[in-house]
Amino acid sequence: MPADLSFSLKQARRMALVAQGFSGRQAPGQIKAAHLNRLIDRLGVVQIDSVNALVRSHYLPLFSRLGHYSPLILEQAAWSLGRRRSLFEYWGHEASLLPMSLYPLMRWRMERARQGQGIYAQMARFGREQQATIQRVLNTVEQQGALGAGSLSTREERAGPWWDWSDEKHALEWLFAAGLVTVAGRRGFERLYDLPERVIPGEILQTVITEADAQRGLLLHSATALGVATEKDLRDYFRLDPADSRKRVAELVEDGRLLACQVQGWKQPAYCLPVPKVPRKVAASALLSPFDSLIWERSRTERLFNFRYRLEIYTPQDKRVYGYYVLPFLHNERIAARVDLRAERAHGRLAVHAVHEEETGLDDEGMSALALNLRQMANWLGLEQVRLNCQRPSAARLRAALV
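Each residue of the sequence shown is one higher than the one before, counting from 0 in numbering that gives the first Met the number 0.
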(Lines of atoms letter the chains of each structure in order from A and count residues from 1; the text may use other names and numbers.)
(Lines give C-alpha, C1' and ligand atoms only; values in the text may rest on other atoms or scores of the structure.)
Protein backbone atom coordinates (compact mmCIF):
# COMPACT_ATOMS: atom_id res chain seq x y z
CA MET A 1 0.00 0.00 0.00
CA PRO A 2 1.29 3.47 -0.77
CA ALA A 3 2.23 5.65 2.16
CA ASP A 4 -0.21 8.35 0.99
CA LEU A 5 -3.29 6.11 1.19
CA SER A 6 -6.36 8.33 1.19
CA PHE A 7 -10.15 8.03 1.00
CA SER A 8 -12.91 10.39 0.02
CA LEU A 9 -15.54 11.10 2.67
CA LYS A 10 -18.04 9.01 0.73
CA GLN A 11 -15.61 6.07 0.69
CA ALA A 12 -14.96 6.41 4.43
CA ARG A 13 -18.68 6.45 5.10
CA ARG A 14 -19.19 3.25 3.11
CA MET A 15 -16.27 1.56 4.85
CA ALA A 16 -17.76 2.47 8.22
CA LEU A 17 -21.24 1.21 7.35
CA VAL A 18 -20.02 -2.17 6.10
CA ALA A 19 -17.63 -2.52 9.04
CA GLN A 20 -20.59 -1.90 11.35
CA GLY A 21 -22.59 -4.70 9.78
CA PHE A 22 -25.05 -2.78 7.60
CA SER A 23 -24.90 -5.25 4.75
CA GLY A 24 -28.45 -6.51 4.40
CA ARG A 25 -31.20 -7.95 6.58
CA GLN A 26 -32.46 -11.48 6.83
CA ALA A 27 -36.06 -12.52 6.31
CA PRO A 28 -38.07 -12.81 9.56
CA GLY A 29 -37.74 -16.22 11.14
CA GLN A 30 -34.42 -16.95 9.47
CA ILE A 31 -32.24 -15.17 12.02
CA LYS A 32 -30.53 -17.71 14.26
CA ALA A 33 -28.09 -17.45 17.13
CA ALA A 34 -25.20 -17.84 14.68
CA HIS A 35 -26.23 -14.66 12.84
CA LEU A 36 -26.35 -12.72 16.10
CA ASN A 37 -23.03 -14.07 17.33
CA ARG A 38 -21.27 -13.26 14.06
CA LEU A 39 -22.58 -9.72 14.18
CA ILE A 40 -21.58 -9.11 17.81
CA ASP A 41 -18.17 -10.67 17.13
CA ARG A 42 -17.76 -8.04 14.40
CA LEU A 43 -19.04 -5.15 16.52
CA GLY A 44 -17.09 -6.30 19.56
CA VAL A 45 -19.36 -4.47 21.97
CA VAL A 46 -23.05 -3.63 22.39
CA GLN A 47 -23.83 -0.88 24.88
CA ILE A 48 -26.44 -1.60 27.56
CA ASP A 49 -28.87 1.10 28.64
CA SER A 50 -31.85 0.95 30.98
CA VAL A 51 -34.19 3.44 29.26
CA ASN A 52 -37.25 1.51 28.09
CA ALA A 53 -39.23 4.21 26.26
CA LEU A 54 -39.09 2.10 23.10
CA VAL A 55 -37.11 -1.02 23.98
CA ARG A 56 -33.92 -1.31 26.00
CA SER A 57 -31.13 -0.03 23.81
CA HIS A 58 -29.02 -3.19 23.59
CA TYR A 59 -31.75 -4.90 21.58
CA LEU A 60 -31.89 -2.18 18.92
CA PRO A 61 -28.50 -2.36 17.13
CA LEU A 62 -29.14 -5.99 16.22
CA PHE A 63 -32.59 -5.18 14.83
CA SER A 64 -31.14 -2.26 12.86
CA ARG A 65 -28.69 -4.59 11.13
CA LEU A 66 -30.40 -8.00 11.06
CA GLY A 67 -34.07 -7.15 11.00
CA HIS A 68 -36.82 -9.05 12.84
CA TYR A 69 -35.05 -11.37 15.30
CA SER A 70 -36.23 -12.91 18.54
CA PRO A 71 -34.91 -10.98 21.60
CA LEU A 72 -34.76 -14.37 23.31
CA ILE A 73 -31.71 -15.18 21.16
CA LEU A 74 -29.85 -12.21 22.64
CA GLU A 75 -31.01 -13.02 26.17
CA GLN A 76 -29.79 -16.60 25.86
CA ALA A 77 -26.45 -15.44 24.48
CA ALA A 78 -26.04 -12.89 27.26
CA TRP A 79 -27.55 -14.41 30.39
CA SER A 80 -28.26 -18.12 30.02
CA LEU A 81 -26.14 -20.88 31.50
CA GLY A 82 -24.44 -23.47 29.36
CA ARG A 83 -23.49 -23.71 25.71
CA ARG A 84 -25.85 -21.02 24.42
CA ARG A 85 -24.04 -18.34 26.39
CA SER A 86 -21.57 -16.49 24.16
CA LEU A 87 -21.47 -13.01 25.74
CA PHE A 88 -20.42 -11.45 29.01
CA GLU A 89 -21.05 -8.10 30.66
CA TYR A 90 -18.31 -5.64 31.48
CA TRP A 91 -17.16 -2.07 31.03
CA GLY A 92 -16.38 -2.14 27.30
CA HIS A 93 -17.86 1.09 25.97
CA GLU A 94 -19.75 2.02 29.11
CA ALA A 95 -21.75 -0.96 30.46
CA SER A 96 -21.68 -3.44 27.60
CA LEU A 97 -22.21 -6.92 26.27
CA LEU A 98 -19.06 -8.34 24.69
CA PRO A 99 -18.15 -11.61 22.95
CA MET A 100 -16.75 -14.15 25.39
CA SER A 101 -13.53 -14.24 23.34
CA LEU A 102 -12.75 -10.68 24.51
CA TYR A 103 -12.81 -11.57 28.21
CA PRO A 104 -9.03 -12.16 28.38
CA LEU A 105 -8.49 -8.78 26.71
CA MET A 106 -10.32 -7.10 29.61
CA ARG A 107 -8.34 -8.69 32.45
CA TRP A 108 -5.81 -5.82 32.55
CA ARG A 109 -8.70 -3.38 33.07
CA MET A 110 -9.95 -5.51 35.94
CA GLU A 111 -6.47 -5.55 37.48
CA ARG A 112 -6.26 -1.77 37.23
CA ALA A 113 -9.69 -1.43 38.82
CA ARG A 114 -8.44 -3.39 41.84
CA GLN A 115 -5.76 -0.73 42.20
CA GLY A 116 -8.34 2.04 41.97
CA GLN A 117 -7.37 3.02 38.43
CA GLY A 118 -9.74 3.64 35.53
CA ILE A 119 -12.87 3.69 37.72
CA TYR A 120 -14.94 6.45 39.25
CA ALA A 121 -13.26 8.26 42.15
CA GLN A 122 -16.11 7.40 44.53
CA MET A 123 -15.78 3.71 43.72
CA ALA A 124 -12.00 3.79 44.06
CA ARG A 125 -12.37 5.41 47.50
CA PHE A 126 -14.94 2.78 48.50
CA GLY A 127 -12.45 0.08 47.46
CA ARG A 128 -9.77 1.58 49.68
CA GLU A 129 -11.94 2.26 52.71
CA GLN A 130 -14.55 -0.52 52.75
CA GLN A 131 -12.63 -3.75 52.23
CA ALA A 132 -14.45 -5.40 55.14
CA THR A 133 -17.82 -4.80 53.44
CA ILE A 134 -16.42 -5.94 50.09
CA GLN A 135 -15.09 -9.18 51.59
CA ARG A 136 -18.38 -9.83 53.40
CA VAL A 137 -20.32 -9.42 50.15
CA LEU A 138 -17.86 -11.60 48.23
CA ASN A 139 -18.14 -14.33 50.87
CA THR A 140 -21.93 -14.25 50.58
CA VAL A 141 -21.76 -14.62 46.80
CA GLU A 142 -19.31 -17.53 47.17
CA GLN A 143 -21.67 -19.29 49.57
CA GLN A 144 -25.07 -18.54 48.02
CA GLY A 145 -24.44 -18.17 44.28
CA ALA A 146 -25.95 -15.58 41.95
CA LEU A 147 -27.38 -12.69 43.95
CA GLY A 148 -28.76 -9.24 43.26
CA ALA A 149 -27.88 -6.17 45.28
CA GLY A 150 -31.40 -5.98 46.69
CA SER A 151 -31.10 -9.33 48.44
CA LEU A 152 -27.85 -8.26 50.13
CA SER A 153 -28.74 -4.76 51.26
CA THR A 154 -28.71 -4.05 54.99
CA ARG A 155 -29.82 -0.41 54.70
CA GLU A 156 -33.02 0.51 56.50
CA GLU A 157 -33.68 3.99 55.11
CA ARG A 158 -35.38 4.49 51.76
CA ALA A 159 -33.00 4.85 48.82
CA GLY A 160 -32.72 8.29 47.24
CA PRO A 161 -32.91 9.08 43.53
CA TRP A 162 -30.38 8.09 40.87
CA TRP A 163 -27.17 6.52 42.19
CA ASP A 164 -27.96 6.41 45.91
CA TRP A 165 -26.55 2.90 46.28
CA SER A 166 -26.40 0.79 49.41
CA ASP A 167 -22.96 -0.27 50.67
CA GLU A 168 -23.65 -3.77 49.34
CA LYS A 169 -24.41 -2.42 45.87
CA HIS A 170 -21.21 -0.38 45.94
CA ALA A 171 -19.31 -3.50 46.98
CA LEU A 172 -20.81 -5.57 44.16
CA GLU A 173 -19.99 -2.89 41.59
CA TRP A 174 -16.40 -2.67 42.86
CA LEU A 175 -16.08 -6.46 42.72
CA PHE A 176 -17.56 -6.43 39.22
CA ALA A 177 -15.12 -3.77 37.98
CA ALA A 178 -12.27 -5.71 39.58
CA GLY A 179 -13.32 -8.94 37.88
CA LEU A 180 -13.92 -10.76 41.18
CA VAL A 181 -17.59 -11.26 40.33
CA THR A 182 -19.38 -11.16 36.99
CA VAL A 183 -22.99 -10.92 35.84
CA ALA A 184 -24.53 -14.38 35.84
CA GLY A 185 -27.97 -13.22 34.70
CA ARG A 186 -30.63 -10.61 35.19
CA ARG A 187 -33.92 -10.54 37.07
CA GLY A 188 -35.92 -7.97 35.17
CA PHE A 189 -33.16 -5.45 34.66
CA GLU A 190 -31.41 -6.17 37.99
CA ARG A 191 -27.98 -7.72 37.69
CA LEU A 192 -27.36 -11.04 39.41
CA TYR A 193 -23.71 -11.44 40.38
CA ASP A 194 -21.72 -14.64 40.75
CA LEU A 195 -18.12 -15.82 40.72
CA PRO A 196 -16.47 -15.76 37.26
CA GLU A 197 -15.57 -19.46 37.49
CA ARG A 198 -19.29 -20.30 37.62
CA VAL A 199 -20.08 -18.24 34.51
CA ILE A 200 -17.03 -17.87 32.25
CA PRO A 201 -15.66 -21.03 30.56
CA GLY A 202 -12.52 -22.35 32.21
CA GLU A 203 -10.35 -22.19 29.10
CA ILE A 204 -11.16 -18.48 28.75
CA LEU A 205 -10.44 -17.74 32.41
CA GLN A 206 -7.10 -19.51 32.06
CA THR A 207 -6.03 -17.53 28.99
CA VAL A 208 -3.35 -15.01 29.94
CA ILE A 209 -2.62 -12.01 27.72
CA THR A 210 -0.23 -9.19 28.57
CA GLU A 211 -1.61 -5.72 29.05
CA ALA A 212 0.11 -4.42 25.91
CA ASP A 213 -1.09 -7.33 23.77
CA ALA A 214 -4.63 -6.92 25.10
CA GLN A 215 -4.69 -3.21 24.29
CA ARG A 216 -3.34 -3.88 20.79
CA GLY A 217 -6.01 -6.55 20.35
CA LEU A 218 -8.77 -4.16 21.38
CA LEU A 219 -7.51 -1.47 19.00
CA LEU A 220 -7.43 -3.95 16.12
CA HIS A 221 -10.98 -4.94 17.00
CA SER A 222 -11.91 -1.25 16.95
CA ALA A 223 -10.37 -0.90 13.49
CA THR A 224 -12.37 -3.90 12.28
CA ALA A 225 -15.61 -2.46 13.64
CA LEU A 226 -15.02 1.11 12.43
CA GLY A 227 -13.56 0.55 8.97
CA VAL A 228 -11.48 3.73 9.01
CA ALA A 229 -10.90 5.84 12.11
CA THR A 230 -8.73 8.37 13.88
CA GLU A 231 -6.69 7.33 16.90
CA LYS A 232 -9.31 8.98 19.12
CA ASP A 233 -12.08 6.99 17.39
CA LEU A 234 -10.14 3.76 17.90
CA ARG A 235 -9.48 4.45 21.56
CA ASP A 236 -13.03 5.57 22.34
CA TYR A 237 -14.55 2.34 21.06
CA PHE A 238 -13.32 0.42 24.13
CA ARG A 239 -12.60 3.55 26.19
CA LEU A 240 -8.82 3.15 26.34
CA ASP A 241 -6.53 5.61 28.06
CA PRO A 242 -5.10 8.17 25.56
CA ALA A 243 -1.47 7.49 26.48
CA ASP A 244 -1.93 3.72 26.16
CA SER A 245 -3.79 4.09 22.89
CA ARG A 246 -1.25 6.38 21.21
CA LYS A 247 1.59 4.06 22.10
CA ARG A 248 -0.20 0.91 20.90
CA VAL A 249 -1.40 2.51 17.66
CA ALA A 250 2.18 3.52 16.87
CA GLU A 251 3.30 -0.06 17.53
CA LEU A 252 0.57 -1.48 15.30
CA VAL A 253 1.53 0.87 12.46
CA GLU A 254 5.18 -0.04 12.85
CA ASP A 255 4.26 -3.74 12.73
CA GLY A 256 2.11 -3.20 9.63
CA ARG A 257 -1.07 -4.33 11.34
CA LEU A 258 -2.57 -0.86 10.94
CA LEU A 259 -2.14 1.48 7.99
CA ALA A 260 -2.00 5.25 8.35
CA CYS A 261 -4.24 7.07 5.87
CA GLN A 262 -6.07 10.31 5.22
CA VAL A 263 -9.80 10.97 4.92
CA GLN A 264 -11.14 13.94 3.01
CA GLY A 265 -11.96 16.78 5.40
CA TRP A 266 -10.56 15.12 8.53
CA LYS A 267 -7.95 17.16 10.37
CA GLN A 268 -6.43 14.17 12.17
CA PRO A 269 -4.65 11.18 10.57
CA ALA A 270 -6.75 8.06 10.18
CA TYR A 271 -6.02 4.34 10.33
CA CYS A 272 -7.41 1.22 8.72
CA LEU A 273 -6.58 -2.47 8.49
CA PRO A 274 -4.28 -3.68 5.70
CA VAL A 275 -5.91 -4.31 2.29
CA PRO A 276 -8.91 -2.05 2.91
CA LYS A 277 -11.99 -2.75 0.82
CA VAL A 278 -14.19 0.13 -0.28
CA PRO A 279 -17.76 -0.86 -1.21
CA ARG A 280 -19.24 0.76 -4.29
CA LYS A 281 -22.59 1.24 -2.57
CA VAL A 282 -24.30 0.55 0.76
CA ALA A 283 -28.08 0.45 0.41
CA ALA A 284 -29.12 0.30 4.07
CA SER A 285 -32.10 1.86 5.82
CA ALA A 286 -32.36 1.63 9.60
CA LEU A 287 -33.57 3.42 12.70
CA LEU A 288 -30.60 3.71 15.06
CA SER A 289 -30.45 3.48 18.83
CA PRO A 290 -29.08 6.63 20.49
CA PHE A 291 -26.34 4.30 21.82
CA ASP A 292 -25.57 2.56 18.51
CA SER A 293 -21.85 2.06 17.93
CA LEU A 294 -22.18 3.67 14.49
CA ILE A 295 -22.98 7.04 16.09
CA TRP A 296 -22.03 6.94 19.77
CA GLU A 297 -18.83 8.98 19.21
CA ARG A 298 -20.54 12.26 18.37
CA SER A 299 -17.57 14.04 16.77
CA ARG A 300 -17.01 11.06 14.46
CA THR A 301 -20.70 11.11 13.55
CA GLU A 302 -20.36 14.75 12.55
CA ARG A 303 -17.23 14.04 10.49
CA LEU A 304 -18.75 11.04 8.71
CA PHE A 305 -22.35 12.12 8.21
CA ASN A 306 -22.43 15.88 8.82
CA PHE A 307 -24.97 15.05 11.50
CA ARG A 308 -24.94 16.65 14.95
CA TYR A 309 -26.68 14.47 17.50
CA ARG A 310 -27.22 15.01 21.21
CA LEU A 311 -29.28 12.92 23.62
CA GLU A 312 -32.09 14.95 25.21
CA ILE A 313 -33.44 12.40 27.70
CA TYR A 314 -32.07 14.41 30.62
CA THR A 315 -32.92 17.81 29.10
CA PRO A 316 -36.02 19.53 30.57
CA GLN A 317 -38.97 19.06 28.25
CA ASP A 318 -39.31 22.75 27.39
CA LYS A 319 -35.66 22.90 26.34
CA ARG A 320 -35.65 19.85 24.04
CA VAL A 321 -35.07 20.53 20.37
CA TYR A 322 -36.01 17.16 18.88
CA GLY A 323 -37.61 15.04 21.63
CA TYR A 324 -37.13 12.60 24.48
CA TYR A 325 -36.07 9.38 22.72
CA VAL A 326 -34.95 10.30 19.23
CA LEU A 327 -33.68 7.69 16.76
CA PRO A 328 -31.59 8.85 13.80
CA PHE A 329 -32.78 7.39 10.50
CA LEU A 330 -30.02 6.02 8.27
CA HIS A 331 -30.92 5.86 4.60
CA ASN A 332 -28.73 5.40 1.54
CA GLU A 333 -25.42 6.27 3.21
CA ARG A 334 -26.60 9.34 5.08
CA ILE A 335 -28.52 10.11 8.24
CA ALA A 336 -31.55 11.76 6.74
CA ALA A 337 -33.98 12.32 9.63
CA ARG A 338 -34.64 12.03 13.37
CA VAL A 339 -37.72 10.30 14.75
CA ASP A 340 -38.97 10.64 18.33
CA LEU A 341 -40.53 7.26 19.15
CA ARG A 342 -42.33 5.64 22.03
CA ALA A 343 -43.74 2.15 22.49
CA GLU A 344 -47.23 2.58 23.93
CA ARG A 345 -47.57 -1.04 24.96
CA ALA A 346 -50.89 -0.68 26.78
CA HIS A 347 -52.45 0.57 23.53
CA GLY A 348 -50.54 -1.78 21.22
CA ARG A 349 -49.01 1.00 19.16
CA LEU A 350 -45.72 2.57 18.15
CA ALA A 351 -46.17 6.31 18.68
CA VAL A 352 -44.29 8.77 16.47
CA HIS A 353 -44.08 12.05 18.40
CA ALA A 354 -41.90 13.93 15.91
CA VAL A 355 -40.21 13.56 12.54
CA HIS A 356 -37.39 15.98 11.76
CA GLU A 357 -35.85 15.77 8.30
CA GLU A 358 -32.27 16.89 7.83
CA GLU A 359 -31.50 19.75 5.45
CA THR A 360 -31.40 17.58 2.32
CA GLY A 361 -34.62 15.90 3.40
CA LEU A 362 -36.22 12.65 2.31
CA ASP A 363 -37.59 12.13 -1.17
CA ASP A 364 -40.66 9.95 -1.72
CA GLU A 365 -38.54 6.78 -1.82
CA GLY A 366 -36.83 7.77 1.43
CA MET A 367 -40.13 8.52 3.15
CA SER A 368 -41.47 5.15 2.02
CA ALA A 369 -38.35 3.51 3.47
CA LEU A 370 -38.93 5.28 6.79
CA ALA A 371 -42.55 4.12 6.82
CA LEU A 372 -41.44 0.56 6.13
CA ASN A 373 -38.89 0.71 8.96
CA LEU A 374 -41.54 1.94 11.37
CA ARG A 375 -43.96 -0.83 10.40
CA GLN A 376 -41.19 -3.41 10.73
CA MET A 377 -40.21 -2.05 14.14
CA ALA A 378 -43.81 -2.10 15.37
CA ASN A 379 -44.17 -5.69 14.19
CA TRP A 380 -40.90 -6.69 15.89
CA LEU A 381 -42.07 -5.10 19.14
CA GLY A 382 -45.44 -6.85 18.92
CA LEU A 383 -47.33 -3.58 18.44
CA GLU A 384 -50.35 -3.58 16.17
CA GLN A 385 -50.12 -0.12 14.65
CA VAL A 386 -47.97 2.95 14.01
CA ARG A 387 -49.61 6.13 15.26
CA LEU A 388 -48.46 9.64 14.30
CA ASN A 389 -48.81 12.15 17.15
CA CYS A 390 -47.30 15.12 15.33
CA GLN A 391 -48.42 17.71 12.79
CA ARG A 392 -45.18 18.74 11.07
CA PRO A 393 -45.09 18.67 7.24
CA SER A 394 -42.82 15.65 7.44
CA ALA A 395 -45.52 13.82 9.40
CA ALA A 396 -48.10 14.45 6.70
CA ARG A 397 -45.81 12.92 4.09
CA LEU A 398 -45.06 10.02 6.42
CA ARG A 399 -48.78 9.46 7.07
CA ALA A 400 -49.36 9.16 3.33
CA ALA A 401 -46.47 6.68 3.06
CA LEU A 402 -47.86 4.57 5.91
CA VAL A 403 -51.22 4.07 4.19
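Built from N, CA and C at the ideal position, the CB exists for glycine as well.
*When you compare only the Cα positions, how much space is there between G159 and R341?*
For G159, the pLDDT reaches just 43, beneath the cut-off of 50, and the residue's location in the model is therefore unreliable, leaving the point undetermined.
*Where do the ends of the alpha helix (DSSP H) carrying A377 lie?*
Start and end: 363-379.
*asked:* Give me, in chain order, the residues of the same chain whose beta-carbon lies closer than 6 Å to that of A11; leave out the 5 immediate sequence neighbours on both sides.
replied: These residues qualify, in order along the chain: V227, V262.
*Reduced DSSP secondary structure (H/G/I, E/B, other) of V402*: V402: coil per DSSP, three-state reduction.
*Would you list the residues sitting across from P412 in a DSSP beta bridge?*
As displayed, the chain neither begins before 0 nor continues past 402, which places residue 412 out of reach and without an answer.
_Which of the three DSSP states is assigned to S284 in this structure?_
Here DSSP, grouped into helix, strand and coil, assigns S284 to strand.
*Can you give the Cα-Cα distance for E88 and E311, rounded to whole angstroms?*
Each residue's Cα considered, the two are about 26 Å apart.
*Answer yes if the segment 101-113 comes into contact with the segment 176-183, meaning at least three C-beta pairs across the two stretches below 8 Å, and no otherwise.*
Enough Cβ pairs lie closer than 8 Å, so yes.
_Rounded separation between D166 and T132 - CA only_ = The straight-line gap from Cα to Cα measures roughly 7 Å.
*asked:* For a test of the three-state rule: what should DSSP assign to G178, helix, strand or coil?
replied: Coil at G178, not helix or strand.
*Determine whether the Cβ of L80 lies closer than 7 Å to any Cβ atom of chain D.*
Absent from the structure: chain D. Only one protein chain is present.
*Round the Cβ separation of L38 and G216 to the nearest angstrom and send it over; I've been treating them as touching at under 8 Å.*
Rounded to whole angstroms, the Cβ separation of L38 and G216 is 19 Å, and the two are not in contact under 8 Å.
*asked:* Is it buried or exposed, A282, if we count other Cβ atoms within 10 angstroms and call 16 or more buried?
replied: Counting Cβ neighbours within 10 Å, A282 comes out exposed, since fewer than 16 surround it.
_Residue from H352, A368, L371, M376 with nearest C-alpha to A394_ = The residue among H352, A368, L371, M376 with its C-alpha nearest the C-alpha of A394 is H352.
*asked:* Quick test of the definition: if touching needs 3 or more C-beta pairs under 8 Å, does the segment 122-138 touch the segment 264-276?
replied: Fewer than three beta-carbon pairs drawn from the segment 122-138 and the segment 264-276 are found closer than 8 Å, and the two stretches are therefore not classed as touching.
*In the DSSP assignment, find the unbroken beta strand (DSSP E) run with L96 in it and report its ends.*
Here the beta strand (DSSP E) through L96 covers 93-98.
*CA-CA distance, W173 and F125?*
Between W173 and F125, the C-alpha separation is close to 8 Å.
_Alpha carbon of R319 to alpha carbon of E250, nearest angstrom_ = One C-alpha to the other measures close to 44 Å.
_By the three-class DSSP mapping on this structure, what secondary structure does E383 have?_
DSSP, reduced to helix, strand and coil, places E383 outside both helices and strands of the structure shown, so it counts as coil.
*Taking only the alpha-carbon atoms, compute the straight-line gap between W295 and P289 and give it to the nearest angstrom.*
W295 and P289 have their alpha carbons spaced roughly 7 Å apart.
*Mind listing, in chain order, the continuous alpha helix (DSSP H) runs of no fewer than 4 residues lying wholly within the segment 2-63?*
Counting whole runs of 4 or more residues, the segment 2-63 contains the alpha helix (DSSP H) stretches 8-18, 32-42.
*When the Cα of L97 is compared with those of I118, R41, G144, L401, which residue comes out closest?*
Ranking the options by Cα distance to L97, first place goes to R41.
*Between the Cα of P327 and the Cα atoms of A345, N305, S69, which residue gives the shortest distance?*
Closest option to P327, Cα to Cα, is N305.
*Candidates L35, Q116, L61, K266: which alpha carbon is nearest A76's?*
Measuring from the Cα of A76, the nearest candidate turns out to be L35.
*State the DSSP-derived secondary structure class of V351, mapped to helix, strand or coil.*
Looking at V351 - three-state DSSP - the assignment turns out to be strand.
*Report the three-state DSSP secondary structure of E356 (helix, strand or coil).*
Correct three-state label for E356: strand.
*Pull up the distance between the alpha-carbon of P355 and that of D212, whole angstroms please.*
It should be pointed out that residue 355 corresponds to His in this sequence rather than to Pro. A direct Cα-to-Cα measurement between H355 and D212 gives close to 45 Å.
*asked:* Whether or not the segment 221-237 and the segment 193-211 are in contact is what I'm after, with contact meaning three or more pairs of Cβ atoms, one per stretch, closer than 8 Å; do they touch?
replied: At 8 Å Cβ cutoff, the stretches do not touch.
*Any idea what DSSP makes of A145, helix, strand or coil?*
Under the three-state reduction of DSSP, A145 is assigned to coil, being neither helix nor strand.
*Nearest candidate by alpha-carbon position, reference R386, set L361, V338, H169, F188*: R386 has its Cα closest to that of V338, out of L361, V338, H169, F188.
*Integer-rounded CB distance, given that A52 should sit under 8 Å from Y324*: That belief holds up - the Cβ atoms of Y324 and A52 are roughly 4 Å apart, short of 8 Å.
*Mind checking who R113 pairs with in its DSSP beta bridge?*
Answer by DSSP bridge pairing: none, since R113 is not bridged.
_Spatially closest choice to Y119 from E93, E383, E141, by CA coordinates_ = Minimum Cα distance to Y119 is reached at E93.
*Where in the segment 177-258 do unbroken runs of the beta strand (DSSP E), each at least 3 residues long, occur, reported from the N-terminal end onward?*
Correct list: 181-186, 189-193.
*Best match in S85, T314, V44, G20 for proximity to A33 [C-alpha to C-alpha]*: Comparing C-alpha distances from A33 to each of S85, T314, V44, G20 shows the shortest one belongs to S85.
*For Q116, count neighbouring Cβ atoms within 10 angstroms of its own Cβ and tell me buried if that reaches 16, exposed if not.*
Its Cβ having fewer than 16 others within 10 Å, Q116 is exposed.
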